[in-house]
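*Asks:* In this note's numbering, the protein residues as written are 5 to 137. Beta carbons: idealized from backbone N, C-alpha and C, even for Gly.
1) Rank 54, 44, 61 and 51 by C-alpha distance to the C-alpha of residue 128 and give the top, closest one.
2) Which parts of the stretch 88-132 are runs of the alpha helix (DSSP H), unbroken and 4 residues or longer, counting only runs that do not cross its ends?
3) Identify whether residue 75 lies in helix, strand or coil by the three-state DSSP scheme.
4) Where residue 25 and residue 58 are concerned, what is the direct C-alpha to C-alpha distance, given to the nearest angstrom?
5) With a threshold of 7 Å on Cβ separation, who are the neighbours of residue 91 within its own chain once the five nearest residues in sequence on each side are excluded?
6) Starting from residue 27, trace the alpha helix (DSSP H) in both directions and tell me its first and last residue.
7) Can you tell me the Cα-Cα spacing of residue 88 and residue 28, whole angstroms?
8) For residue 54, which of helix, strand or coil comes out of DSSP?
9) To the nearest angstrom, how far is it from the Cα of residue 56 to the Cα of residue 42?
10) Since residue 70 is in the alpha helix (DSSP H), which residue starts that stretch and which ends it?
11) If we ignore side chains and look at the alpha-carbon of each, how far apart do residue 86 and residue 68 end up?
12) Give the secondary structure of residue 81 by DSSP, where H, G and I count as helix, E and B as strand, and everything else as coil.
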């Protein structure tokens, strides 16, 4: 994010608004003060998000939760190896995961078919709530 904020100063100096289409259409109307205020607003949002989700950003999520079909089963906790092998053999789940639009950990069938995996994975899935103002 620090890189993004330094990029904002570049945008302000050069008036390069390619990443901000709404600003690009009003480029000639924007004053430097407007851009400085916008930059300050983004910095405040950044600080607020660091406060709100800082503990989540530092969370150590097991690799088998994020890429369950690619992880080497031999490298995970012994009690989870058998259910993970079963999950990796489930072609329907593999196809849904590969599609990318389907979060297998939030599906009821994972909790039913693989309760031991769900028991461990749910803490990481639930850890990312929808943030509200």
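*Replies:* Taking the definition as stated:
1) Taking the first residue of the chain shown as 1, we reach residue 128 at position 124. Residue 128 has its Cα closest to that of 61, out of 54, 44, 61 and 51.
2) The stretch 88-132 contains these whole alpha helix (DSSP H) runs: 95-103, 112-117 and 119-130.
3) On the chain shown, residue 75 is found 71 positions in, with the first residue counted as 1. The answer is coil: DSSP assigns residue 75 none of H, G, I, E or B.
4) By one-based count along the chain shown, residue 25 stands at place 21. By one-based count along the chain shown, residue 58 stands at place 54. Here the alpha carbon of residue 25 sits roughly 30 Å from the alpha carbon of residue 58.
5) The residue given as residue 91 occupies position 87 in the chain shown. Exclusion of the five residues before and after residue 91 leaves 72, 97, 118 and 121 as the residues of its chain whose Cβ lies within less than 7 Å of its Cβ.
6) Here residue 27 corresponds to residue number 23 of the chain shown, with the count starting at 1. Run containing residue 27: 25-28, per the alpha helix (DSSP H) assignment.
7) Translated into positions along the chain shown, residue 88 becomes position 84. Translated into positions along the chain shown, residue 28 becomes position 24. Going by C-alpha positions, residue 88 is about 49 Å away from residue 28.
8) Start at 1 with the first residue of the chain shown, and residue 54 comes out as number 50. In the structure shown, the three-state DSSP call for residue 54 is helix.
9) Within the chain shown, numbered from 1, the residue matching residue 56 stands at position 52. Within the chain shown, numbered from 1, the residue matching residue 42 stands at position 38. Looking at the two C-alpha atoms, the distance is approximately 21 Å.
10) What you label residue 70 is simply residue 66 of the chain shown in a count that begins at 1. Per DSSP, residue 70 is one residue of the alpha helix (DSSP H) stretching across 67-70.
11) One-based indexing of the chain shown puts residue 86 at position 82. One-based indexing of the chain shown puts residue 68 at position 64. Their Cα atoms are separated by approximately 13 Å.
12) The residue you call residue 81 lines up with position 77 of the chain shown. Three-state DSSP puts residue 81 in coil, outside helix and strand.
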